[in-house]
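Student: I have a structure I would like to understand better, so I am pasting it below and will then ask my questions one at a time.
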Amino acid sequence: MNAAGQLQADGGQSEVKQEDEKQEKKQLEVNPEDSVSQCVSHTSSASSAMLKAMARKAALAAEAAAIEERQQLELEEFQLTQRKLRLSMQTKLRVAEAEEQIYLEFENKKLGISFPEKEQDETLPYTPGKVVTETVVPTKSTKCKPITADRSDHGQPLTMSDDSDVVTLLKEGKQEQRRLWEVMQLPKAELTPYDGNPLEFWEFWRSFEDNIDSSSCGDRTKLTRLLYYCRGEPKRRLSPCLLMNASQGYSTAKRLLIERFGDPVVITDSWMKKITSGKQIGPRDKKGLRELADDMSVCLMSFQAIGFEQELSPQKVLLPLAERLPFHLKGKWLSRVGAIRRQERIPRFEDLMYFVQEAAQEVNDPVYGELMSGQSEQRTPSRSGKSKGSFSTSSTAKPVELHVECFQCKGNHRLWDCKQFKDLPPKDRMRLARNKGLCFNCLRRGHMVGACSSKRTCSVGGCTRKHNKLLHMTEPDGGTQNRNVEQEASCSSTGAGRKSVLPIVPVRVKAEGCQVMLWTYALLDQG
């Protein structure tokens, strides 16, 4: 039993030992998946993915840092531009202060007074310091919030979640910068001095408010400029304000100026006098009609601005205005009034203004405005029946000479009224008339006896010849002398075979009650 048991135990141990050897042999065997190449491949794939992730992260971080740095530079550039603009404005303020000082010294010398030391100007001087890059304050038109560089718990700046706010702010900042630059490049506007005319007060005052009163200059500078742009009575009225301090003097000057010259009652009264008391407009006065239409339009807008437009509609205002119109427009306005009354209302100032504007536009038409002037119907009279050899033709009107000069004594009277001429013998009178080229009938220049329009004849001794009685010969051979005179006069008037004509002048005529005028020629009778 012991031997059999021993054999059985030894057999079991050998089987266990064989099984262990098989397991060890199996573990020592090399499989394809246990190769070194397969292990290295798995390791390199993991490392490559990790490296790519790290590289991507580093690239994004670098890009974010570059974007942040670029934004920072743009903000600093914008702030630097704003500093330049502020410096430019402060330079102008200093120039204005220098001008103010010169004006004050001039006024002091002129008035013979002295002022205390100049008050501290309200404008604070600009002190350059460290550029603040944490916050940018947008303009009034900017709707986005200020950009603040947030920081994390570790002190590192955080990137902005939305870049659109920065882009919008930069665009609006550049637009504001461009607007300021364009304003600075505009030509300098000079205010028109005010001389006390109530009709021009509000035009002057609005310009002064926009250019000087709304600026950041001190009250002393504004007061000096206000007096500089005033002339005559307004300047004398505001001069005592220089004796006050800056704030009180400027406010007092504005109040006095508005009360004295900007009173709506004064302005309305001045406009009433201007539009109702003007000159009568003639039928051909196109310029005067246009000026009346413009004055009425400006008057209406002025009254509407101060709230007094109801003062223009009373009939006592419209009647003097209608009386200034030309005669033919008065009839048309009367017809317009009838049409308005048929609408069961009374005429208003606007009705008359529109009527005058329409009439002014018609007569000032650049193409058809001359139809009623008669110039388009101007014609040159035909001369087919006259010889081209006429020796005397006048085509332009000459002014009538009021001063007459005697051909004998150079006195201010006609020749036939001259005592010296009457005392001469008939031969000397004839010689003078011949030498001076005078007509033997009327003793005037410009024509001969044959072309004289005077119907007078000689009245001496029953003589009916066509010569002046002062040229009548009284000698015994008077008949022969008279015949010689007549023959000589006839020869002188023939013009060597030419026809003699009277001088002519262009004239413009029209029938009574008609507005159409025609151009023609008229004979000039110098007798």
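Residue numbers (full-length UniProt numbering): 1 to 527. C-beta atoms are modelled at their ideal positions from N, C-alpha and C, and glycine is treated no differently.
(1) Give the DSSP-derived three-state secondary structure of residue 275 in the structure shown.
(2) Going by the beta-carbon positions, is the gap between residue 225 and residue 212 smaller than 8 Å?
(3) Per DSSP, residue 329 is paired with what?
(4) Buried or exposed, going by whether 16 or more other CB atoms sit within 10 Å of the CB of residue 440?
(5) According to DSSP, residue 504 sits in a beta bridge with which residue or residues?
(6) Using DSSP with H/G/I as helix, E/B as strand and the rest coil, what is residue 194?
(7) Quick check: the Cα distance between residue 573 and residue 406, rounded to an integer number of angstroms?
(8) Can you say whether residue 467 is buried or exposed, counting buried as having 16 or more other CB atoms within 10 angstroms of its CB?
(9) Would you say residue 201 and residue 267 are within 8 Å of each other, going by their C-beta atoms?
(10) What's the gap between the Cα of residue 408 and the Cα of residue 321?
(11) Output needed for residue 421: all residues of its chain with C-beta closer than 6 Å, excluding positions within five of it in sequence on either side, in chain order.
(12) How far does the alpha helix (DSSP H) with residue 367 in it extend, from its first residue to its last?
(13) Is the number of C-beta pairs between the segment 349 to 360 and the segment 322 to 340 that are closer than 8 Å three or more?
(14) Tell me the DSSP bridge mates of residue 509?
(15) Can you name, in chain order, every residue of its own chain whose Cβ lies under 7 Å from the Cβ of residue 330, other than the five neighbours on each side?
(16) Whose CA, out of 85, 259, 318 and 209, lies closest to the CA of residue 561?
(17) Going along the chain, which residues of its own chain have a beta-carbon closer than 7 Å to the beta-carbon of residue 452, five neighbours each way excluded?
(18) Please state whether the Cβ-Cβ distance between residue 239 and residue 227 is less than 8 Å.
(19) According to DSSP, is residue 299 part of a helix, a strand, or is it coil?
(20) Which class does residue 230 belong to by DSSP, given the choice of helix, strand or coil?
(21) Verify whether the separation of the beta carbon atoms of residue 307 and residue 261 is less than 8 Å.
(22) Taking residue 272 as the reference, give the member of 60, 316 and 229 with the closest Cα.
(23) Taking 8 Å as the cut-off, does the segment 246 to 260 touch the segment 270 to 290 (at least 3 CB pairs, one atom from each stretch)?
(24) Do the CB positions of residue 445 and residue 457 come within less than 8 Å of each other?
(25) Note the first and the last residue of the continuous alpha helix (DSSP H) segment covering residue 435.
(26) May I have the straight-line CA-CA distance separating residue 77 from residue 49, to the nearest angstrom?
(27) Just the C-alpha distance for residue 505 and residue 302, rounded to the nearest angstrom, thanks.
(28) Locate the alpha helix (DSSP H) running through residue 258, then write down its first and last residues.
(29) Measuring straight from C-alpha to C-alpha, what distance separates residue 51 and residue 168?
(30) For residue 300 versus residue 309, is the C-beta spacing smaller than 8 Å?
(31) Return helix, strand or coil for residue 442, following the three-state DSSP convention.
(32) Hey, would you say residue 364 sits closer than 8 Å to residue 290, going by beta carbons?
(33) Does any residue of chain D have a CB that is nearer than 8 Å to the CB of residue 170?
(34) Which same chain residues, not among the five before or five after residue 412, have their C-beta less than 8 Å away from its C-beta?
Tutor: Here's the rundown:
(1) helix
(2) yes
(3) The partner list for residue 329 (beta bridge, DSSP) is empty, contrary to what the question assumes.
(4) buried
(5) 523
(6) strand
(7) The displayed coordinates of the chain run from 1 to 527. Any statement about residue 573 would go beyond what the structure contains.
(8) buried
(9) yes
(10) 58 Å
(11) 408 and 415
(12) Run containing residue 367: none; DSSP gives neither H nor E here.
(13) yes
(14) 518
(15) 322
(16) Missing from the structure shown is residue 561; the chain here goes from 1 to 527 and no further.
(17) 439, 441, 442 and 527
(18) yes
(19) helix
(20) strand
(21) no
(22) 316
(23) no
(24) no
(25) 426 to 435
(26) 42 Å
(27) 50 Å
(28) 246 to 261
(29) 38 Å
(30) yes
(31) coil
(32) yes
(33) Absent from the structure is chain D; it holds one protein chain and no more.
(34) 403, 404, 405 and 406
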